[in-house]
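Visitor: Sharing a structure below in structure tokens format, with a few things to ask.
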Amino acid sequence: MSVYKLDYHPEAEQDLINIYNFIEAYAGRITAQRKLAEIETVTYRL
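At position 43 of the sequence shown (counting the first as 1) the number is 43 in UniProt numbering, and the numbers step up by one without a gap.
What follows is the structure, encoded as structure tokens:
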């Protein structure tokens with residue numbers, strides 16, 4: 001059961017874009033997509 005409710009927040013969206021771009025530059029697009037999916041999965045479970 002979730003204790004927290006996350007709302008859409010533009011700064012959080014930009015943070016995810018920045019994280020994706022950083023990982024993509026370092027490890028490639030596939031890795032960045034996988035890591036972003038992991039972050040989103042954890043976030044949705046909160």
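Virtual Cβ for every residue (Gly too), placed ideally from N, Cα, C. Remember, it's a predicted structure, so these values are computed and weren't measured experimentally.
#1: For a quick check, are the C-beta atoms of T31 and I23 less than 9 Å apart?
#2: Is Y20 helix, strand or coil when you go by DSSP?
#3: Taking the Cβ atom as the reference point for each residue, do Y44 and Q33 lie within a distance shorter than 9 Å?
#4: DSSP three-state call for Y8: helix, strand or coil?
Guide: So, from the data block:
#1: yes
#2: helix
#3: no
#4: In this structure, Y8 counts as coil in the three-state DSSP scheme.
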